[in-house]
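Structure first, then comments.
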Ligand SMILES: [Zn+2]
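Numbering (our numbering), first residue to last: 31 to 111.
What follows is the structure, encoded as structure tokens:
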């Protein structure tokens with residue numbers, strides 16, 4: 031399931047907000063959220079409290095052009111169609 035040209039993202043809590051980060055980002059690697067906020071993927075999964083942070087509206091808009099990938103099925107409580 032490797033589609034190199036497909037842009038993917040997943041939701042991730044960063045600095046008190048839920049942002050979209052590149053779907054292929056590995057733990058320890060650095061990148062930018064879709065709203066250009068620098069982010070380093072932590073080794074640990076976010077806490078359930080962090081998932082309650084408000085969704086970044088800029089990431090939300092830009093994520094429309096990306097394909098969502100889940101870290102684990104249903105990890106953020108969302109049901110994907
Ligand atoms: Zn954002």
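C-beta: ideal position from N, C-alpha, C; glycine also.
One alpha carbon belongs to residue 66, the other to residue 40, and they sit about 15 Å apart.
DSSP, reduced to helix, strand and coil, places residue 60 within a strand of the structure shown.
Between residue 73 and residue 44, the alpha-carbon positions lie close to 14 Å from each other. The alpha carbon of residue 71 has as its nearest neighbour, out of 82, 56, 91 and 37, the alpha carbon of 56. Residue 38 and residue 77 do not touch by the CB rule: their CB atoms are close to 24 Å apart, not below 8 Å.
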